[in-house]
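Numbering (the working numbering), first residue to last: 3 to 96.
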């Protein structure tokens, strides 16, 4: 299953994630990402937790678009609506 953040025009089309360095793989420093896609089919297990591949546009600290970026993001760092929901499968945007 995958989730495209813009598939439902009646809800918020994009999500802005502000991630600390230890909440994403692989890179250095904080990451701001405007989420376009979350893949939940094959999570990576690291540090005993699931991590999901997230694709989006990297945003600079001053708010400018830096370009496309993919990262593995710690599941608990994804906001409600972008992370898998144990009871109901994947939760759509809230």
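Each residue gets a CB set at the ideal place from its N, CA and C atoms; glycine is no exception.
These numbers come from a predicted model, not from an experiment.
Handout entry: Whole-number beta carbon distance between residue 29 and residue 73, since they are thought to touch under 8 Å
Key = Residue numbering aside, residue 73 sits at position 71 when the chain shown is read from its first letter. Residue numbering aside, residue 29 sits at position 27 when the chain shown is read from its first letter. With 8 Å as the limit, residue 73 and residue 29 qualify as a contact, their Cβ atoms being about 7 Å apart.
Practice task
Could you say which of 71, 45 and 83 lies nearest to residue 60 if we only look at CA atoms?
Solution key: Counting from 1 along the chain shown, the entry for residue 60 is found at position 58. Selected option, being the one with the closest Cα: 71.
Practice task
Could you spell out where the beta strand (DSSP E) holding residue 64 opens and where it closes?
Solution key: As a first step, residue 64 is located in the chain shown; it is residue number 62 there, counting from the start. Note, residue 64: premise wrong, no beta strand (DSSP E); not H, not E.
Problem - Spatial distance of residue 82 from residue 53 (CA atoms) - result: For the purposes of this step, residue 82 is identified with residue 80 of the chain shown, where counting begins at 1. For the purposes of this step, residue 53 is identified with residue 51 of the chain shown, where counting begins at 1. Our two residues, residue 82 and residue 53, have alpha carbons roughly 15 Å apart in a direct line.
Practice task
Measuring alpha carbon to alpha carbon, tell me which of 17, 20, 36 and 25 ends up nearest residue 77.
Solution key: Taking the first residue of the chain shown as 1, we reach residue 77 at position 75. With distances taken between Cα atoms, residue 77 lies closest to 25.
Problem - Simplified DSSP assignment, three categories, for residue 49 - result: For the purposes of this step, residue 49 is taken as the residue at position 47 of the chain shown. The answer is coil: DSSP assigns residue 49 none of H, G, I, E or B.
Practice task
Per DSSP, which residues does residue 73 bridge with? Please list them.
Solution key: For the purposes of this step, residue 73 is taken as residue 71 along the chain shown, with counting starting at 1. The partner list for residue 73 (beta bridge, DSSP) reads 56.
Practice task
Assign residue 63 to buried or exposed, taking buried as 16 or more other Cβ atoms, counted over all protein chains shown, within 10 Å of its Cβ.
Solution key: Position 61 of the chain shown, counted from the first residue, corresponds to residue 63. Classification of residue 63: exposed, given that the 10 Å Cβ count is below 16.
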